[in-house]
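Number of protein chains: 2
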Amino acid sequence: MNTTDQQSVCFNDIRQAASRIQDYVLTTPAVPAETLSRSVGADLFFKCENLQHIGAFKARGACNAVLQLTDEQAAAGVVTHSSGNHAAALARAARTRGIAAHIVMPHNSSAAKIAAVRGLGVEPRFCEPTAAARAEMADQVAAETGATLVHPYNDPHIIAGQGTATLEFLQQVTDLDVLVVPVGGGGLASGALIAARALQPDLEVIGAEPAWADDAIRSLKAGSMQPPERFDSIADGLRAPLGSLTYPIISQLIDDILPVSEDMIREATRQSICQTRLVVEPSGAVPLGAVLANGSRFAGRRVGLIISGGNAELDVFARILSSSE
Amino acid sequence: MNTTDQQSVCFNDIRQAASRIQDYVLTTPAVPAETLSRSVGADLFFKCENLQHIGAFKARGACNAVLQLTDEQAAAGVVTHSSGNHAAALARAARTRGIAAHIVMPHNSSAAKIAAVRGLGVEPRFCEPTAAARAEMADQVAAETGATLVHPYNDPHIIAGQGTATLEFLQQVTDLDVLVVPVGGGGLASGALIAARALQPDLEVIGAEPAWADDAIRSLKAGSMQPPERFDSIADGLRAPLGSLTYPIISQLIDDILPVSEDMIREATRQSICQTRLVVEPSGAVPLGAVLANGSRFAGRRVGLIISGGNAELDVFARILSSSE
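From first to last, the protein sequence lines are chains A and B. With this note's numbering, letter number 55 in the first sequence gets 60, and the count goes up by one each step, no holes. With this note's numbering, letter number 271 in the second sequence gets 276, and the count goes up by one each step, no holes.
And the structure:
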């Protein structure tokens, strides 16, 4: 499978993004997971985007988007709607450039997510918790202020920025046999695929998607974008459907996407915390869940897992930890 | 303050240890903590020994000790008594050299600690949970098997091995103003002091000790080794008293030792987990607790914290997380 000319993003965009954002994001560690490797029978390496600024890879794409605004665009600020990590990522990226960020959040967003945005000096604008209400308020803010809308994943600058995580990872750990990436809206996975196909064409790239948010699996099977059917996976960062830019990249370049059950997502979150001492949010543990549930497929191989983020309510972690054994 | 000739370990021992153990331990990441830095008003850097193999810096010293055994000594194996991270560290170090490890553990050791040792292929020998019973059984095993006793901290090879964490840290993050290290038995702190005084003599080095396990603070004040008064700090890795080798190093080289309350240890554990996405055991969070409790002392400075480990029972983390706010 090769990159095709239909794609909105090419490897050079990722390389340029890496140099553009390097002073604003961390080169996150790639850590071998010795104990888990022994129990799985494979060599596992964790790319720790949970240790990225704001606790998620989203810092990369948001910086790449904000840094490419013209001065005129920048003066009018940026706007997005998000209940998750993209909200904090865009607020932080705007802060690094000294421009305004307008963040529309559902009024039932978690206290921690709201506090993260406020901690970056931005007072969120609250809306009803529906997709329509969020988009409507964001459009309204854009119209009033002239701010540039920065979509959480369906944007070439965002995809290129997220691809820098994989660019780094493949430089840090050579000779991986397989890379496992979480699939939600598809920004991270798209960037990973473009980087991997350019740097190491024989690398198997496997997506991992909650079985309760399996629109990508169904879309690839159907050959066309399929809507989400439910929105209640504990992996809240992966509930969003693929977008018009990410669907073609993923459908053309990915080797496979594995569904991961809710129980296995919890188990992988627990094992990440107690075996690798990394705080991984449920969405970030989905790749490990795919490995744990499909051991024979990964046995004896060098497996890279992108740990997308580490933000969840403390009580989510407390419940997952106290329900063990 | 300079290194004196009374010391059992010199900087060259640490440099040699680093090269001896480099294929057996991780170069752990040193991560800037952006959000915590903003709230504290200082630049905080975490040296992530919780991401070390077996989840603690103890892997370093144990490897350094085991790799220095003669072939004849090695053939008879090693023995220690430990209810904590040193048990797993020595079991792992022995495994890497292919020799026997005899691990004496109190029968009331936590299930996770026992499982960690078993996971490394060693069946612990259980004893009564008293210091006398532990030492007696370890001595007995040594007499029966000829195994070499490897003390968790009062051993020059262990101190030199632990010093490699600071050697790495000061190479990874230059221009630190102050380094904060946890103080328990003093192996990690002694190694840190010897490395720091050699590499960066003007670096302030501050110890952090649970107020409920403050024998080092009392010993420095009294000018002689003082016994522990209680053994119930949540920071279980720091309950041990200084040893005959670590007391002189620490008393001669350290700038200050700050006591940290139990509440502040819990708060620092919680903040590490939710603000830096690192699983830090209570003992490993004591340096952050010292910074949080003494903000003005660290304000505006570049502060390095050695995060010593990330192993605790899941229910300890669950309780700490669910008791927030």
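Built from N, CA and C at the ideal position, the CB exists for glycine as well. These numbers were taken from a predicted model, which means no experiment stands behind them.
- DSSP places Leu293/A inside the alpha helix (DSSP H), whose first and last residues are 287 to 298.
- Taking every protein chain shown into account, the CB of Glu286/B has 16 or more other CB atoms within 10 angstroms, so this residue is buried.
- For the segment 278 to 294 of chain A, the beta-carbon criterion of a distance under 9 Å to any beta-carbon of chain B is satisfied by Ile278, Cys279, Gln280, Thr281, Arg282, Leu283, Val284, Val285, Glu286.
- For Glu39/A, the chain B residues whose C-beta falls within less than 7 Å of its own C-beta are His58, listed in chain order.
- Checking the DSSP bridge columns, you'll see Lys52/B partnered with Ala35/B, Ile311/B.
- Within 10 angstroms of the beta-carbon of Ala143/A lie 16 or more other beta-carbons, which makes it buried.
- In this structure, Leu258/A is the residue among Ala317/A, Gly190/A, Leu258/A with its C-alpha nearest to the C-alpha of Ala203/A.
- Its chain contains Ala35, Phe50, Gly309 as the residues whose beta carbon lies nearer than 7 Å to that of Val178/A, once the 5 sequence neighbours on both sides are disregarded; these appear in chain order.
- Residue pairing from DSSP places Cys132/B in a beta bridge opposite Pro111/B.
- Straight through space, the alpha carbons of Glu209/A and Asp260/A are spaced by roughly 6 Å.
- The alpha-carbon of Ser224/B is positioned some 22 Å away from that of Ile163/B.
- Remark: C-beta atoms of Ala194/B and Val186/B approach each other more closely than 8 Å.
- Under a 10 Å Cβ-count criterion, Thr169/A is classified as buried, with 16 or more other Cβ atoms of the shown protein chains found around its own Cβ.
- Among the CB atoms of chain A, none fall inside 8 Å of the CB of Asp48/B.
- For the segment 196 to 265 of chain B, the continuous beta strand (DSSP E) assignments of 3+ residues that do not extend past its boundaries occur at 209 to 215, 261 to 265, in sequence order.
- Assignment of Val127/B by DSSP, reduced to helix, strand and coil, places it in the coil class.
- A residue is called buried once 16 or more other Cβ atoms fall within 10 Å of its Cβ, and Pro264/A is buried on that count.
- In chain B, no part has a C-beta under 9 Å from the C-beta of Asp28/A; the shortest such distance is about 13 Å.
- Nearest Cα to Val45/A within the set Ser277/A, Asp220/A, Tyr158/A: Ser277/A.
- In its chain, beyond the 5 residues on either side, Thr169, Leu172 have a beta carbon closer than 7 Å to the beta carbon of Ala23/B.
- Separation of Leu74/B and Thr150/B (C-alpha to C-alpha, rounded to the nearest whole angstrom) is 15 Å.
- In the structure shown, the three-state DSSP call for Ala81/A is coil.
- For Leu184/B, the enclosing beta strand (DSSP E) stretches over residues 183 to 187.
- Taking 8 Å as the cut-off, the Cβ atoms of Thr135/B and Ile108/B do not count as close.
- In this structure, DSSP gives Leu154/A an extended state, which the three-state scheme calls strand.
- Close to Ala323/B, with beta-carbon spacing below 7 Å, are these residues of chain A in chain order: Ala323, Leu326, Ser327.
- By the criterion of at least three beta-carbon pairs nearer than 8 Å, the segment 245 to 257 of chain B is in contact with the segment 218 to 237 of chain B.
- For the pair of segments examined, the segment 296 to 304 of chain A was found not to touch the segment 300 to 316 of chain B: the number of CB pairs separated by less than 8 Å stays below three.
- With respect to chain A, the C-beta atom of Val36/B has a partner C-beta closer than 8 Å.
- Excluding five sequence positions before and after Ser256/A, the CB atoms of its chain that fall closer than 6 Å to its own CB belong to Leu225, given in chain order.
- Contact annotation: Glu318/B and Ser115/B have beta-carbon atoms nearer than 8 Å.
- Per DSSP, His58/A is not a residue of any alpha helix (DSSP H), being assigned neither H nor E.
- In the DSSP annotation of this structure, the continuous segment of the alpha helix (DSSP H) that includes Glu173/A starts and ends at 161 to 177.
- Of the residues assessed, Glu54/A falls on the buried side of the cut-off, its CB having 16 or more other CB atoms within 10 angstroms.
- The shortest C-alpha to C-alpha distance from Gly315/B to any of Lys63/B, Glu128/B, Ser42/B is the one to Lys63/B.
- For the segment 303 to 321 of chain B, the residues whose beta carbon sits under 7 Å from a beta carbon of chain A are, in order, Gly315, Leu319, Asp320.
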